[in-house]
Amino acid sequence: MEDQWDLMLGSPTAKHGASPFMPEVEYPSLPLDLLCGLARRRIQNREAQRRFRERKEQRKNSLQKNAEELHRDYQTLLTQYADTVSDVTRLVQENGVLRFEIRKLRQQWRLLLTIIQRLQGSQSPGASRESAFNFDDVQDYLEDLGIKKLVVIG
601 MEDQWDLMLG SPTAKHGASP FMPEVEYPSL PLDLLCGLAR RRIQNREAQR RFRERKEQRK
661 NSLQKNAEEL HRDYQTLLTQ YADTVSDVTR LVQENGVLRF EIRKLRQQWR LLLTIIQRLQ
721 GSQSPGASRE SAFNFDDVQD YLEDLGIKKL VVIG
């Protein structure tokens, strides 16, 4: 029993130098089948440790490959985001310009309708005061455009 404890804890007759983790040990008094069992166990332990290191390396490589793929995906998404922000900014500006243009066109449309109504004499006599105000606005607008004076028939 004492010999077995020496095997587990390390024998005082152990040789140092072969490996700092697995020192070579002389066991002169152990039977051959026990020595074969110990040797087989050492071989199994070495193989298990080798397989563990291989799995660890494979896992590390797999994680590194995954990280590289995620980084590429991140860069692609970042580029797409920047492009989208640029497109949205451009569209918002374009929308503002178009809204301004629509406002101006509506003003011009109302002005033209007022001019046409005035030229056709289709306005009622009761609304002449209000219409005169609108017509003065039309006159001012036309003068701004460079048109001299609108001839009013009626």
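Everything in the sequence shown is counted per the numbering used here, starting at 601 for the first residue and increasing by one. Using N, Cα and C, we set each Cβ at its ideal position, and we do this for glycine too. Predicted model, so just to flag it, every value in this text is computed and none were measured.
| message | With distance defined between alpha-carbon atoms, name the residue in Gln-675, Ile-643 and Tyr-741 nearest to Thr-714. | response | Answer by Cα proximity: Tyr-741.
| Counting along the chain, where does the alpha helix (DSSP H) carrying Gly-637 start and finish? | Per DSSP, Gly-637 belongs to the alpha helix (DSSP H) from 632-720.
| Buried versus exposed, by CB contacts within 10 Å (16 or more), Arg-718 | So Arg-718 counts as buried.
| Separation of Asn-661 from Thr-684, as counted between CA atoms | Roughly 34 Å separates the two Cα atoms.
| message | Between the alpha carbons of Arg-655 and Leu-634, how many angstroms are there, rounded? | response | Taking the straight line joining both Cα atoms gives about 31 Å.
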